[in-house]
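Chemist:
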Amino acid sequence: MTERELLTAGLRELGVAECPSAADNLLRYSEILREKNKVMNLTAITDPTEIVTRHFLDCAALAPYMPQDGCVLDVGTGAGFPGMPLAILCPQTEFVLLDALRKRIDFLNEVIADLGLTNVTAVHARAEDYARDNRDTFDLAVSRAVADLRVLSELALPMIKVGGAFLAMKAEDCTEEVETAANARMILGAPDAEVLHYTVPFDEVSRAIVRLQKTQDTPEKYPRRFKKIQTSPL
Ligand code: SAM
668 MTERELLTAG LRELGVAECP SAADNLLRYS EILREKNKVM NLTAITDPTE IVTRHFLDCA
728 ALAPYMPQDG CVLDVGTGAG FPGMPLAILC PQTEFVLLDA LRKRIDFLNE VIADLGLTNV
788 TAVHARAEDY ARDNRDTFDL AVSRAVADLR VLSELALPMI KVGGAFLAMK AEDCTEEVET
848 AANARMILGA PDAEVLHYTV PFDEVSRAIV RLQKTQDTPE KYPRRFKKIQ TSPL
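Read in order, the letters of the sequence shown correspond to residues 668 to 901 in the working numbering.
1. Which complete alpha helix (DSSP H) runs does the segment 772 to 851 hold, if anything under 4 residues is left out?
2. Can you have a look at residue 830 and say buried or exposed, based on whether 16 or more other CB atoms are within 10 angstroms of its CB?
3. Relative to the C-alpha of residue 844, which residue among 870, 671, 826 and 815 is closest?
4. Taking buried to mean at least 16 other C-beta atoms within 10 Å of its own C-beta, is residue 714 buried or exposed?
5. As a quick exercise: from 755, 813 and 728, pick the residue whose alpha carbon is nearest that of residue 767.
6. Is the beta carbon of residue 723 within less than 7 angstroms of some heavy atom of ligand 2?
7. Which value, in whole angstroms, describes the spacing of the CA atoms of residue 856 and residue 826?
8. Between residue 699 and residue 778, which are expected to be in contact by the criterion C-beta below 8 angstroms, what is the C-beta distance as a whole number of angstroms?
9. Could you say if the segment 717 to 733 and the segment 690 to 706 meet the contact criterion of at least three C-beta pairs nearer than 8 angstroms?
10. Assign residue 783 to one of two classes, buried (16 or more other C-beta atoms within 10 Å of its C-beta) or exposed (fewer than that).
11. I want to check one thing, is the minimum distance from the CB of residue 893 to the heavy atoms of ligand 1 below 7 angstroms?
12. Suppose contacts are defined by Cβ-Cβ distances below 8 angstroms. Is residue 867 in contact with residue 724 by that definition?
13. Buried or exposed: where does residue 810 fall if 16 or more other Cβ atoms within 10 Å of its Cβ makes it buried?
14. Excluding the 5 residues flanking residue 712 on each side, which residues of the same chain have their C-beta closer than 7 angstroms to its C-beta?
15. Starting from the N-terminal end, write out each residue whose C-beta falls within a distance shorter than 5 angstroms of any non-hydrogen atom of ligand 1.
16. What does the alpha-carbon distance come out to for the pair residue 746 and residue 708?
17. Output the boundary residues of the alpha helix (DSSP H) element that contains residue 702.
18. What is the rounded straight-line gap between the Cα of residue 889 and the Cα of residue 801?
19. Quick check on residue 686: does DSSP put it in helix, strand or coil?
20. Since residue 717 sits in a beta bridge, which residues does DSSP pair it with?
21. Could you compute how far the alpha carbon of residue 896 sits from the alpha carbon of residue 824?
22. Can you tell me whether residue 899 is buried or exposed, with buried defined as 16 or more other CB within 10 angstroms of its CB?
23. Could you tell me if residue 918 is buried or exposed, where buried requires 16 or more neighbouring beta carbons within 10 angstroms of its beta carbon?
24. Excluding sequence positions up to five away, which residues of its chain have a Cβ less than 6 angstroms from the Cβ of residue 772?
25. Sort out for me which residues DSSP pairs residue 864 with in a bridge.
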């Protein structure tokens with residue numbers, strides 16, 4: 668199977684509609700990613716087939732949860748995961764891709780310009796700093812492979828509107844992590860957690876999406892400074 672065939676079949680298996688130019692844009696993104704990865708550290712996954720499965724199709728599993736006209740924040744996006752594939756697959760939704768590393772944001776701006784995407788903005792900032800001016804702003808936040816759920820909840824939840832949600836991509840067996848974050852969830856305004864399981868097409872890896880629904884305001888004192896979040900997680 669070619670990468671394009673893999674992508675199309677995988678999206679179909681996930682029930683994700685393939686909008687015009689989505690496959691072209693994803694394959695071009697893969698090309699730029701592999702090229703730039705030779706000179707900077709963007710991803711450990713370099714095989715084109717694995718970029719389709721472990722990056723694109725894994726991230727595409729979140730597409731059915733994207734708000735049609737809303738604004739989505741990707742916390743710690745790195746080389747653009749999960750935010751960039753989602754922005755390509757969901758052109759009606761606005762995306763802000765946030766990362767603390769300048770060179771990764773520079774890379775994402777190159778991808779945005781190359782593909783001519785108009786629904787994505789890449790921002791260089793630490794989440795706990797960005798949260799100061801962007802409280803209660805986003806309909807949804809997403810994140811993959813950034814931090815433990817307790818830490819991640821304190822970084823993301825203050826920026827989500829009441830009524831919005833946070834989708835954290837986790838390993839299949841995340842029950843203990845979700846339970847350990849119960850106190851943080853309660854304090855930060857998202858007491859209930861739902862774990863949704865999925866399998867990445869053609870990779871057969873089972874993964875989980877932890878869905879936190881924000882039902883109450885996050886107290887003003889959160890997020891704290893990063894050192895404090897790490898040393899004394901809620
Ligand atoms: N989400 C991407 C993925 O799944 O491939 C990248 C994962 S990488 C292991 C973690 C990323 O989170 C890094 O690019 C790092 O700079 C970013 N990061 C960690 N803490 C952050 C913070 N407090 N604010 C913004 N970005 C952060």
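The C-beta atom is built at its ideal place from N, Cα and C for all residues, glycine as well.
Modeler: This is what the structure gives:
1. Runs of the alpha helix (DSSP H) inside the segment 772 to 851: 794 to 800, 816 to 823 and 842 to 847.
2. Counted from its first residue, the sequence shown places residue 830 at position 163. The residue is exposed, with fewer than 16 neighbouring Cβ atoms inside 10 Å.
3. Translated into the one-based positions of the sequence shown, residue 844 becomes position 177. Looking at the Cα atoms, 815 is the closest of the given residues.
4. Along the sequence shown, read from residue 1 onward, the residue named residue 714 stands at position 47. Burial call: exposed.
5. Within the sequence shown, the letter at position 100 stands for residue 767. Of the listed residues, the one whose Cα sits closest to residue 767 is 813.
6. Questions concerning ligand 2 fall outside what the structure shown contains, since the ligands it does hold are ligand 1.
7. Residue 856 sits at position 189 when you count from the first residue of the sequence shown. Residue 826 sits at position 159 when you count from the first residue of the sequence shown. The straight-line gap from Cα to Cα measures roughly 11 angstroms.
8. For the purposes of this step, residue 699 is taken as the residue at position 32 of the sequence shown. For the purposes of this step, residue 778 is taken as the residue at position 111 of the sequence shown. Yes, residue 699 and residue 778 are in contact; Cβ-Cβ is about 6 angstroms, under 8 angstroms.
9. yes
10. Within the sequence shown, the letter at position 116 stands for residue 783. So residue 783 ends up on the exposed side.
11. On the sequence shown, position 226 is the one that residue 893 refers to. Yes.
12. Residue 867 sits at position 200 when you count from the first residue of the sequence shown. Residue 724 sits at position 57 when you count from the first residue of the sequence shown. Their beta carbons are under 8 angstroms apart, which means residue 867 touches residue 724 by this criterion.
13. Here residue 810 is taken as the residue at index 143 of the sequence shown, counted from 1. Classification of residue 810: buried, given that the 10 Å Cβ count is 16 or more.
14. Here the question's residue 712 lines up with position 45 in the sequence shown. The answer, listed in chain order, is 718, 721 and 722.
15. A Cβ closer than 5 angstroms to some heavy atom of ligand 1 marks a residue here, and those residues are 743, 745, 748, 766, 767, 768, 793, 794, 811, 812 and 813.
16. Position 79 of the sequence shown, counting from 1, holds the residue named residue 746. Position 41 of the sequence shown, counting from 1, holds the residue named residue 708. For residue 746 and residue 708, the distance between alpha carbons rounds to 9 angstroms.
17. As a working note, residue 702 is residue 35 in the sequence shown. Unbroken alpha helix (DSSP H) run through residue 702: 689 to 703.
18. For the purposes of this step, residue 889 is taken as the residue at position 222 of the sequence shown. For the purposes of this step, residue 801 is taken as the residue at position 134 of the sequence shown. Spanning the two alpha carbons is a distance of roughly 12 angstroms.
19. On the sequence shown, position 19 is the one that residue 686 refers to. Residue 686 falls in the coil class under three-state DSSP.
20. As a first step, residue 717 is located in the sequence shown; it is residue number 50 there, counting from the start. Looking at the DSSP assignment, residue 717 forms no beta bridge with any residue, so it has no partner.
21. Within the sequence shown, numbered from 1, the residue matching residue 896 stands at position 229. Within the sequence shown, numbered from 1, the residue matching residue 824 stands at position 157. Straight-line Cα distance between these residues: approximately 13 angstroms.
22. Counted from its first residue, the sequence shown places residue 899 at position 232. Exposed.
23. Residue 918 cannot be examined here, being either before or after the span of the chain that is shown, 668 to 901.
24. Taking the sequence shown and counting its residues from 1, the one referred to as residue 772 is at position 105. So the qualifying residues of the chain are 766, 789 and 791.
25. Looking up residue 864 in the sequence shown gives position 197. Looking at the DSSP assignment, residue 864 forms a beta bridge with 875.
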